[in-house]
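J.: Listed in order, the protein sequences are those of chains L and Y. The first sequence begins at 36 in this note's numbering and counts up one residue at a time. The second sequence begins at 36 in this note's numbering and counts up one residue at a time. Backbone N, C-alpha and C define an ideal beta-carbon position, used for all residues, glycine too. All of these numbers come straight from a predicted model, not from anything done at the bench. Input: one structure, supplied below.
2 protein chains.
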Amino acid sequence: MAQDVYTVIGKRLPRLESEEKVSGTARYLPDLQIPGTLYGKILRSPYPHARVLRVDTSRAERLPGVRAAVTGNDTKGIRLCTFSRFDNKPPLAEERVRFIGDEVAAVAADSESIAEEALDLIEVDYEELPPVFDPLEAMKPGAVGIHEEGNVAYHRSWMYGDIESALKESDYIFEDQFRTQAQAHCALETHGCIAYFDQTGTLTVWITTQWIHPTRRILSETLGLPYSKVRVITANIGGSFGRSGGIEPIEIIATFLSKKTRRPVRIIHSHDEQFTSGRSRYPVLIDIKTGVKKDGTLLARKVRMVTDNGAYNNFGIAVTLGIGSKCTYLWGVPNVAFDADVVYTNKVYGGAFRGFGNGQITFAIESQMETIARKLGMDMKDLCLKNVNYPGQRTCMGHKITSCGLKECIEQATAAAGWEAKRGKGRNRGIGMASVMHIGAGIRNLYGDCNLSEAFIKMNNDGTIDLASGAMDTGQGSNTVLAQVAAEELGIPMRDINMITGDTSTTPQCLGAWGSREAFIAGNAVKLAAREVRLRLLEEAGKIIKSDPEDLILKDRQIYRKTNLQESVLSIAHVANACYNAGRPLFGRGIYDDPSGLGIDPKTGHGGPVTYSFGTQVAEVEVDPRTGKVKVLNFVAAHDLGKALNAMMAEGQIEGGVIQGLGYALFEDLVMEEGLVLNPNLQDYRIPYVNDIPKIVSILVESQDPEGPYGAKGLGEPPIIPTAAAIANAIYDAVGVRIKTLPITPEKILKALKEKEEGSKKK
Amino acid sequence: MAQDVYTVIGKRLPRLESEEKVSGTARYLPDLQIPGTLYGKILRSPYPHARVLRVDTSRAERLPGVRAAVTGNDTKGIRLCTFSRFDNKPPLAEERVRFIGDEVAAVAADSESIAEEALDLIEVDYEELPPVFDPLEAMKPGAVGIHEEGNVAYHRSWMYGDIESALKESDYIFEDQFRTQAQAHCALETHGCIAYFDQTGTLTVWITTQWIHPTRRILSETLGLPYSKVRVITANIGGSFGRSGGIEPIEIIATFLSKKTRRPVRIIHSHDEQFTSGRSRYPVLIDIKTGVKKDGTLLARKVRMVTDNGAYNNFGIAVTLGIGSKCTYLWGVPNVAFDADVVYTNKVYGGAFRGFGNGQITFAIESQMETIARKLGMDMKDLCLKNVNYPGQRTCMGHKITSCGLKECIEQATAAAGWEAKRGKGRNRGIGMASVMHIGAGIRNLYGDCNLSEAFIKMNNDGTIDLASGAMDTGQGSNTVLAQVAAEELGIPMRDINMITGDTSTTPQCLGAWGSREAFIAGNAVKLAAREVRLRLLEEAGKIIKSDPEDLILKDRQIYRKTNLQESVLSIAHVANACYNAGRPLFGRGIYDDPSGLGIDPKTGHGGPVTYSFGTQVAEVEVDPRTGKVKVLNFVAAHDLGKALNAMMAEGQIEGGVIQGLGYALFEDLVMEEGLVLNPNLQDYRIPYVNDIPKIVSILVESQDPEGPYGAKGLGEPPIIPTAAAIANAIYDAVGVRIKTLPITPEKILKALKEKEEGSKKK
């Protein structure tokens with residue numbers, strides 16, 4: 036790796052906002068104080084399924100301090116937009132409620148306590164309807180219909196290659212069923228917004244979002260306002276993990292309350308609401324059938340799945356289609372068939388979650404891979420290497436892999452974990468591995484037909500810059516990485532960069548933080564903008580000192596001749612100031628649009644991702660056979676991120692992903708009984724505690740992506756994806772039981788151990 | 036005037052923010068709520084002149100709720116920057132205080148009342164020094180020295196042409212002495228700031244300023260911070276009139292208090308402080324000697340003046356030099372000599388004020404013109420027309436006039452006022468006129484060597500735009516005018532424009548609101564940016580419909596073929612969205628730099644203004660000879676503004692200027708006795724009341740400036756400039772007395788009437 040050619044790129048730099056966050060002075064949405072703000076509260080359905088006969092807010096509106104109330108009558112016809120024609124969630128119930136927590140009415144008042152009190156004065160007449168909670172039940176003929184169109188929100192079936200022939204050619208066929216649970220994002224800051232529909236008819240929404248520009252588009256199109264009258268602003272964001280793509284009902288509700296009062300209206304989810312109002316990770320049921328040759332060559336993969344959509348469409352269809360693509364990714368299986376139903380139930384609806392379905396399908400694929408390896412008498416590692424993805428590979432779906440360091444990830448992760456030495460040693464200790472292939476730079480078609488980011492750089496008279504990007508730093512550190520890119524290109528220190536983000540009015544287009552796209556897409560945009568400034572700067576410097584700009588370089592705020600790096604010829608500030616005085620201040624604009632097409636689907640014509648990220652994780656666990664308790668002892672995660680723009684932050688992403696994946700594997704579960712969430716708080720909803728977290732060794736594999744900035748590609752999502760399978764495989768290695776449903780609780784292990792014991796006794 | 040070729044330009048449109056202002060929801064600086072804010076208060080000198088022996092803040096700092104205190108020790112060496120090497124005002128006194136109100140120490144506390152209380156606990160030992168209040172006294176040898184260098188801050192003397200020969204050639208020589216007073220800006224919002232030096236070392240200053248970008252430069256250079264660490268933000272501004280160019284001590288004081296506490300610190304002037312802390316209009320003493328031929332041809336003008344600088348340099352030298360230039364402007368006198376002293380006194384120091392000295396010198400020139408006309412037996416109107424400035428004229432100083440509608444102003448103002456019919460009719464009624472020539476687009480060299488503005492336009496997917504400009508709307512309406520320019524160029528309604536201004540981070544360079552420059556300079560920048568977007572838009576549309584872009588036009592959000600204006604071929608939104616989807620969102624950047632040089636001073640090499648604005652005002656008054664009270668009955672103001680971009684707003688500028696000029700003429704006076712301001716509030720400081728304001732007829736003369744946007748040039752300052760002379764001349768016409776000192780109080784009129792009576796008795 037040619038790491039030392041860079042001055043700022045690749046360095047272990049702290050985040051720009053670290054000091055503010057550590058000192059407690061960083062501002063989050065709840066810290067914002069907009070004069071005249073009212074407080075909104077929402078009345079929610081206590082029933083999982085009911086007809087709404089009457090909503091009467093008149094008593095509530097008469098309570099002193101209450102300024103307005105809204106019901107489904109006010110927002111009639113509006114559906115929460117995810118850029119899909121299937122969107123069907125009204126911000127406030129119209130004729131029916133479909134889950135416990137469904138929004139029915141809302142008030143805005145002078146204080147939170149008045150608003151809370153007012154909710155009790157809203158009269159609602161419900162007519163209860165029979166609910167259905169299990170997606171398989173919901174699919175049965177005669178099941179109660181949750182939506183007009185029936186309970187199957189979407190069905191999709193396709194095949195690449197010839198699955199039946201491939202299964203026939205296979206020496207072995209494996210069939211397994213896996214089930215995953217609803218996981219909550221558990222960002223420490225709950226979702227909130229302040230909406231202000233001012234006297235000029237301009238709507239400003241302060242919001243916790245991952246996407247400012249798409250949110251502006253959503254609000255504009257949903258409310259019939261020109262973009263010029265919609266401004267979306269964020270503060271620091273206390274974590275996101277997919278939960279803040281698109282809008283929640285609160286943004287629409289707050290807007291309508293503000294429209295009535297012409298005052299800013301603030302609604303912030305309580306933790307209870309955060310767990311119960313929607314958009315957790317989709318639970319899925321996956322049947323996976325795999326055909327393999329004796330030598331371990333994977334020939335066929337057939338996936339049948341049911342997605343538990345919950346009460347409304349959000350990203351359920353997109354996630355399911357994403358899983359469909361991802362079936363074809365890992366290990367490059369040449370023949371793949373996919374069949375899926377997305378099914379309504381009277382439960383909290385799902386939403387986007389870090390990995391966007393890949394965590395679910397990878398749990399299935401990689402758990403089954405272990406079973407295959409053992410059956411074939413191969414080491415899992417060898418089976419993986421046998422089928423490993425490689426640069427230049429084209430998947431059966433037509434997606435093309437460019438850079439690929441998966442082989443290195445497998446080798447380095449297993450080496451670091453002591454794979455050979457620890458494998459199959461028994462004594463309730465075990466080691467397991469799992470890998471991931473994921474999109475490395477988002478994908479086209481969130482809306483329209485591009486996957487772009489734009490950046491503006493103004494150079495100030497003193498050679499420092501203002502860098503505007505529409506990318507969103509949701510806590511993952513994109514601002515720091517983008518500043519590093521600009522610093523590298525312009526030969527200036529990080530301190531000289533003023534990052535402008537988080538406001539649609541003042542930043543150029545960008546689709547925001549999703550699909551692990553920001554380092555790659557926004558990074559490339561910033562690089563192009565900075566290069567434009569650099570070229571102009573060198574050109575102007577060349578004029579001043581009568582030199583070919585090609586012979587000059589920028590370093591440490593100075594301009595040097597390449598032939599003499601000891602003595603600078605001009606300062607950048609000097610040139611910047613001269614350009615200003617000459618009436619041509621320095622400015623650069625960069626637009627980067629994913630060139631895609633690389634992986635165009637020949638059938639649909641849809642572009643595939645421009646690049647993919649890879650990784651292999653190895654978990655070492657100890658299982659207590661008396662309690663069923665799993666302790667993760669050691670963890671190694673090797674990830675191909677193309678190039679580490681900031682190794683410290685990359686390690687942070689890996690560690691965070693692994694911990695969240697560990698929670699998914701062992702603890703987290705949004706438990707619902709008859710549609711009621713039983714654990715809607717951080718005490719009962721169990722995330723990993725400090726004691727649960729092993730030492731995590733992060734290995735950064737740099738495959739140098741040909742299209743990524745400095746070779747980088749996305750790392751936001753991959754680290755959470757293979758963790759559950761790695762742990763499940765390690766458990767199998769430790770105690771010989773295969774748990775196919777998440778989370779892998781002590782009860783499930785004890786039960787499996789008992790069954791295993793009984794089975795062996797029978798023999 | 037080819038007015039109807041435009042769709043938006045020239046229309047009488049309300050301001051973008053009217054509804055917010057009228058409904059009381061517009062946000063001003065005091066409305067901003069920054070979490071954790073502390074309140075700062077300043078201890079000021081009670082003495083006009085004293086040595087500061089000791090400042091002890093320790094008792095104040097021990098008061099519960101006080102978070103920090105600062106003194107001159109903290110800010111040592113800092114001087115308030117006006118981009119002049121003569122700047123010498125420390126934000127907090129170092130060894131001496133020089134006027135009553137001079138800043139000595141400051142505290143930041145949890146509340147305003149605690150801060151107030153803490154001031155009483157600060158101990159200061161002063162050693163009183165003899166003060167000097169009169170500039171003529173201060174110039175005398177042996178006068179007590181206010182600054183090290185003596186009491187003459189600056190002396191300047193120059194001559195263009197041959198003044199002595201010209202005086203010899205003259206048939207008549209007129210010599211008069213005029214004196215003007217200190218006028219307060221009386222913006223309804225006092226000056227304030229919130230400074231926050233955060234954990235990342237970034238200084239954000241929310242401020243009432245006319246110049247965000249120069250203020251960023253000042254703060255950056257003064258505090259030794261890179262520009263990237265300084266952000267200047269404004270809210271709505273409740274009037275400015277020159278008072279908010281550059282910074283006040285409070286910005287530096289609040290910054291240092293914030294640096295100590297790492298919390299935002301807010302300091303807002305009380306009305307008392309606003310009147311007493313500095314930067315009112317400079318009082319001057321003008322001796323003017325004019326040589327004239329019998330036929331009225333003006334041959335020579337010799338001006339000797341003394342500027343009462345007050346205790347420190349602010350814009351006193353610049354204003355004095357401005358007056359020097361302006362001596363050569365009006366009536367194009369071929370031989371002009373100028374000699375001036377800027378003199379310190381132990382009084383509130385002056386600052387920039389709408390007109391920047393032109394109000395003072397025009398009062399002298401135009402009062403004397405009347406005297407000349409009467410002496411020559413000419414009508415003032417004819418004398419003016421005889422010497423009228425004209426397009427293509429080059430002044431003796433080398434400045435070149437391009438567009439000039441002064442002749443039309445004289446003719447139209449006098450016609451509308453019924454000049455001939457009302458002139459010299461006696462019965463204590465009179466009519467008087469006065470004219471103005473002023474810079475119409477600022478001037479180069481505020482700092483560096485340019486007079487530029489830059490604008491960015493992002494076109495959104497729906498064809499609406501975000502328009503970023505560094506221009507400052509201080510209440511004069513520049514945002515509305517800039518939006519009109521963009522709307523005109525792009526064929527979109529005003530509603531489709533989102534104006535981004537008032538923040539250095541998010542707007543491009545602009546020198547801000549001063550010198551009547553924004554319509555012209557920033558307007559041209561916006562026009563260029565919009566044109567770039569338009570060209571790109573037409574080019575893309577041409578590709579879509581296979582047409583030459585030259586054959587297409589933009590109108591009403593649509594694209595039409597020039598040959599068929601009935602049926603649109605595409606919507607702008609369609610093209611904008613297509614460009615976005617194609618990965619090239621529409622964007623335009625405009626930079627306009629005053630081409631100057633047109634009026635380069637051959638001696639100094641300094642550029643003169645790129646254009647000039649003109650005007651003529653006619654006042655009709657009634658004087659009560661028993662009380663001396665003047666009632667302005669009617670007022671006509673004809674102003675050459677090149678082209679009215681928004682006639683309603685132009686009339687607003689004229690009316691506002693005339694009213695402020697009427698106050699200057701008759702009422703306003705910051706009265707000081709032994710350095711103490713006696714009327715530091717809006718009750719005692721008399722501005723015009725509704726009853727004092729006559730009907731004002733505004734006439735817009737459109738001379739079509741060749742360089743201005745759509746022919747426009749500046750109108751911000753001119754309307755205040757000739758008002759006092761017009762009223763003084765009308766008073767002469769009414770009762771035959773010439774008052775040469777402002778304001779023209781009843782006492783002065785009575786005294787003059789008495790003297791006149793005595794004089795005529797003597798005869």
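Do A608 (chain Y) and A560 (chain Y) have their C-beta atoms within less than 8 Å of each other?
T.: No, the Cβ-Cβ distance between A608 (chain Y) and A560 (chain Y) is not below 8 Å.
J.: Of all the residues that make up the segment 614-627 of chain L, which are near chain Y by a beta-carbon distance shorter than 8 Å?
T.: Y615, N616, A617, G618, R619, P620, F622, R624 and I626
J.: For G136 (chain Y), tell me which candidate among Y:R79, Y:V516, Y:Y317 and Y:P99 has the shortest Cα-Cα distance.
T.: Y:R79
J.: Give a yes or no on whether the C-beta atoms belonging to Q216 (chain Y) and D704 (chain Y) are separated by under 8 Å.
T.: Yes, the Cβ-Cβ distance between Q216 (chain Y) and D704 (chain Y) is below 8 Å.
J.: Hey, does L633 (chain L) have any beta-carbon neighbour from chain Y nearer than 8 Å?
T.: At L633 (chain L), the pLDDT of 49 sits below 50, so the modelled position is not reliable; the number obtained from the coordinates is stated separately. For L633 (chain L), the answer is no, since every Cβ of chain Y falls outside 8 Å of its Cβ.
J.: Pop quiz: M468 (chain Y) and N669 (chain Y) are said to be a contact at Cβ under 8 Å. What is the actual Cβ separation, rounded to whole angstroms?
T.: The beta carbons of M468 (chain Y) and N669 (chain Y) sit about 12 Å from each other, so the pair does not count as a contact at 8 Å.
J.: In this structure, does DSSP put T799 (chain Y) in helix, strand or coil?
T.: An answer regarding residue 799 (chain Y) cannot be provided, because it is not within the stretch 36 to 798 covered by chain Y.
J.: Put E366 (chain Y) into one of helix, strand or coil per three-state DSSP.
T.: Note that residue 366 (chain Y) corresponds to Trp in the displayed sequence, not to Glu. It is helical.
J.: Counting only runs of 3+ residues fully inside the segment 583-668 of chain Y, write out the beta strand (DSSP E) ranges in chain order.
T.: 587-590, 593-596, 599-606, 622-628 and 647-658
J.: A448 (chain Y) to K442 (chain Y), Cα distance in whole Å?
T.: 10 Å
J.: Measuring CB atoms only, is the segment 95-105 of chain Y touching the segment 146-156 of chain Y, in the sense that at least three cross pairs come out at less than 8 Å?
T.: Short answer: they touch.
J.: Near A114 (chain Y), which residues of its chain fall below 7 Å by C-beta distance, leaving aside the five closest residues on each side in sequence?
T.: Position check: residue 114 (chain Y) holds Arg in this sequence, whereas Ala was assumed. Excluding sequence neighbours, R114 (chain Y) sits near D122, N123, K124 and P125.
J.: Check this for me: beta carbons of G477 (chain L) and G550 (chain L), under 8 Å apart or not?
T.: Between G477 (chain L) and G550 (chain L), the gap from beta carbon to beta carbon is short of 8 Å.
J.: Looking at the structure shown, is F670 (chain Y) part of a helix, part of a strand, or coil, going by DSSP?
T.: Of the three classes helix, strand and coil, the one that applies to F670 (chain Y) here is strand, per DSSP.
J.: Could you give the residue range of the alpha helix (DSSP H) that holds E446 (chain Y)?
T.: L441 to A452
J.: Let's test the definition: count the other Cβ atoms within 10 Å of the Cβ of L570 (chain L) and tell me whether it reaches 16, buried, or not, exposed.
T.: exposed
J.: Tell me which residues of the segment 296-308 of chain L have at least one Cβ-Cβ distance to chain Y shorter than 8 Å, keeping chain order.
T.: R297
J.: Give me the residue from Y:S738, Y:V300, Y:P778 and Y:E708 with the minimum Cα distance to Y82 (chain Y).
T.: Y:E708
J.: Going by alpha carbons, who is nearest to M415 (chain L) out of L:A760, L:A685, L:I69 and L:V770?
T.: L:A760
J.: Rounded to whole angstroms, what's the CA-CA distance from S68 (chain Y) to Y74 (chain Y)? Just pull it up for me.
T.: Per the sequence shown, residue 68 (chain Y) should be read as Gln rather than Ser. Cα-Cα distance, rounded: 12 Å.
J.: How about the segment 377-388 of chain L and the segment 344-364 of chain L: do they share at least three Cβ pairs that are nearer than 8 Å?
T.: yes
J.: Output, in chain order, the set of chain Y residues within a Cβ distance shorter than 9 Å of A503 (chain L).
T.: S540 and T541
J.: Nearest CA to the CA of A682 (chain L): which residue from L:V656, L:V516 and L:P744?
T.: L:V516
J.: Compute the distance between the beta-carbons of Y379 (chain Y) and H84 (chain Y), then report whether it is under 8 Å.
T.: no
J.: Have a look at A375 (chain L) and E405 (chain L) and give me their C-alpha separation to the nearest angstrom.
T.: 24 Å
J.: Per DSSP, what kind of secondary structure is Y745 (chain Y) in: helix, strand or coil?
T.: helix
J.: How far does the alpha helix (DSSP H) with K783 (chain Y) in it extend, from its first residue to its last?
T.: Note, K783 (chain Y): alpha helix (DSSP H), P781 to K797.
J.: The beta strand (DSSP E) spanning A103 (chain L) covers which residue range?
T.: Start and end: V101 to T106.
J.: Which residues bound the beta strand (DSSP E) around H190 (chain Y)?
T.: V187 to Y195
J.: Taking the Cβ atom as the reference point for each residue, do Y699 (chain L) and G394 (chain L) lie within a distance shorter than 8 Å?
T.: yes
J.: Once DSSP output is grouped into helix, strand and coil, what is the label at M534 (chain L)?
T.: M534 (chain L): strand per DSSP, three-state reduction.
J.: Quick one: Cα of L588 (chain L) to Cα of E602 (chain L), how far?
T.: First, the residue type needs correcting, since residue 588 (chain L) is Ile and not Leu in the sequence shown. Taking the straight line from one Cα to the other gives about 12 Å.
J.: Against chain Y, does Y262 (chain L) count as a neighbour if the rule is that its beta carbon must be under 8 Å from one of theirs?
T.: yes
J.: Per DSSP, what kind of secondary structure is H434 (chain L) in: helix, strand or coil?
T.: Residue state, collapsed to three classes: coil.
J.: Could you check what DSSP says for S93 (chain L) in three-state terms: helix, strand or coil?
T.: helix
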